[in-house]
Amino acid sequence: MSRATVAFIVFSAVLLLTATAYNNGLGANPPMGWNTWCTDDVCGLIDKCTEDLVKQQAQALVDSGMKALGYEYVNMDDCWGDKQRDANGNLQPDPTRFPNGMKALADFVHSLGLKLGVYTCIGTFTCRNQIPGSWGHFEQDANTFAAWGIDMVKCDNCNRPSGFTEEELYMNFSHYLNQTGRPILFSLCEWGDDNVQDWGVNAGQQYRIQMDHLPLWELPTHAAGMGFGQGTYDIIQYIATLKPSTFVKQYGWMDPDFLMTMFWPTMSFIYSRTEFSFWALWSSPLMVATNVYNMTAEKRSILMNEEVIAINKDTLYTAGDRLWKDNATATEVWTRPLANGDVAVILLNGDPFANNNVTVTWASLGWGAAAVVRARDLWSHTDLGNLTASFTAVALVPADMRMLRLKCLENCS
Ligand code: GLA
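Take the sequence shown: its position 194, counted from the start at 1, is 303 in the working numbering, and no numbers get skipped.
Structure representation (structure tokens):
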């Protein structure tokens, strides 16, 4: 065993014993932003990540009004790095894609009032196996990112060295990011391994909870949370088993991966709207992996739905859980308490073929059966009136849902 490895083991043990949350003030709300991954490509298969694209998308966040709603991170995924470190062992950007370097790009993004994020990997190479990862260079890379003016680091989990737990590795990188003195939001992309929901909050402000979200509604996998990518519906089913309200908290957000909003041709308007609703119900990061320049009206109506974004940012800082599921009809109801005493509810028809009615009763929400409840539909932006006993979403088409904000007015207990 090399001296460096022994030093790493001792250092990690000390860090774990003295672990406190990585809180540098960033991540008070679930982070929102845009990422190169899947933007008009096929999630890394045709990667168009360039300086011009990043600048165009950053400008579009401002011009579209998305920035004003909280979308502030402009992130590059597994695409920005050169295949070699420089003569001093520093990471460097691909000179063809980023001819002016990272510092200049960070300056541009900051001039728009936005923040810049990069991607690296806890292992020797990134997941596309072409670009160096940060293993063996945690301190050096943290310092490089800080010197460039980087605001967010996503750290992937490929080509991980053996002999260490993921907690040890991510805590270690987190330590060096912290040590730079620059507030950097740390996004753990370790795919939900090793019960990350128990310790991820100590290392960073958000942690991936499962394998990659593919731009599909359904792609069942062999085991919940594992396997080759997942559709939106699979993720909803998996997260139901985790009861996210038991661990989601401010500065420690559960990340179900990017929003694949309107990814053509596999993410329809209905799939995308349902996806956005659940991510918001869970207080999850709203990181869009879609082109935000010249958005269609449908895409805008999803990404810029202020009433749903308000659920995402609600100051109880918790996540919704599934209240029940009827396996015969694949219908289900999710709920989440809100800071002002309201309750957010999603009624989902998961049946792939049949339309279904879905009913939520006030009694099931802990209110009296005779409760009078004011209901607001967060997608049609209409008040549904003061309702007694229950609400039924009628003839929901497959994959569709209704998302409501409920306020109990009378007979609440
Ligand atoms: C992994 C991650 C993805 C993406 C790719 C990049 O699959 O989980 O989010 O960053 O690597 O290669």
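All C-beta atoms in this analysis are idealised placements derived from N, C-alpha and C, irrespective of residue type, glycine included.
Report the CB separation of residue i from residue j in whole angstroms; it is logged as a contact under 8 angstroms.
{"i": "M141", "j": "Y182", "result": "7 angstroms"}
{"i": "M376", "j": "T383", "result": "Their Cβ separation, rounded to whole angstroms, is 10 angstroms, which puts M376 and T383 out of contact at 8 angstroms."}
{"i": "P353", "j": "D430", "result": "7 angstroms"}
{"i": "T497", "j": "A479", "result": "7 angstroms"}
{"i": "I293", "j": "I259", "result": "6 angstroms"}
{"i": "Q319", "j": "Y279", "result": "Contact flag wrong, Cβ pair sits at about 16 angstroms."}
{"i": "Y180", "j": "F295", "result": "With a Cβ gap of about 19 angstroms, Y180 and F295 do not count as contacting."}
{"i": "N144", "j": "F367", "result": "6 angstroms"}
{"i": "T427", "j": "V357", "result": "6 angstroms"}
So, with DSSP's three-state summary, where would you put residue i?
{"i": "M320", "result": "coil"}
{"i": "S283", "result": "helix"}
{"i": "N458", "result": "strand"}
{"i": "L162", "result": "helix"}
{"i": "R291", "result": "coil"}
{"i": "V503", "result": "strand"}
{"i": "D265", "result": "strand"}
{"i": "E100", "result": "The question about residue 100 has no answer here: the residues shown for the chain are numbered 110 through 522."}
{"i": "E299", "result": "coil"}
{"i": "Q306", "result": "helix"}
{"i": "N144", "result": "strand"}
{"i": "Q239", "result": "coil"}
{"i": "Q314", "result": "coil"}
If you compare alpha carbons, which of the options is closest to residue i?
{"i": "K192", "options": "D203, M185, T289", "result": "D203"}
{"i": "L425", "options": "N266, M175, T438, N449", "result": "N449"}
{"i": "R206", "options": "R237, D216, D156", "result": "D156"}
{"i": "G242", "options": "Q315, K263, A256", "result": "K263"}
{"i": "S525", "options": "V171, W362, F254, V417", "result": "With the chain covering 110 to 522 only, the question about residue 525 has no answer from this structure."}
{"i": "N481", "options": "A502, C517, L223, P374", "result": "The identity of residue 481 in the sequence shown is Val, whereas the question assumes Asn. Considering only alpha carbons, the answer is C517."}
{"i": "D305", "options": "H284, G340, D364", "result": "For the sequence presented, residue 305 should be read as Val rather than Asp. Checking every option, the nearest Cα to that of V305 belongs to D364."}
{"i": "D509", "options": "D460, W476, G313", "result": "D460"}
{"i": "A256", "options": "D265, S283, Q201", "result": "Q201"}
{"i": "A552", "options": "A406, E441, T440, A167", "result": "As shown, the chain starts at 110 and ends at 522. That puts residue 552 outside it, with no answer to give."}
{"i": "V454", "options": "T470, G340, T355", "result": "T470"}
{"i": "N311", "options": "H284, L328, T440", "result": "H284"}
Which ranges does the beta strand (DSSP E) cover as unbroken runs of at least 3 residues, wholly within the segment 169-236, from first to last along the chain? Annotation: the segment 169-236 contains the following complete segments of the beta strand (DSSP E) (minimum length 3 residues), in chain order: 182-184, 224-230.
Mind pulling the beta strand (DSSP E) runs of 3 or more residues that sit fully within the segment 322-400? 362-364, 395-397
Please go through the segment 442-496 and give each complete beta strand (DSSP E) segment of 3 or more residues, from N-terminal end onward. Secondary structure in the segment 442-496: the beta strand (DSSP E) runs of 3 residues or longer, each lying completely within the stretch, are 452-458, 465-470, 481-486 in chain order.
List in chain order: all unbroken alpha helix (DSSP H) runs of 4+ residues lying wholly within the segment 408-444. 415-421
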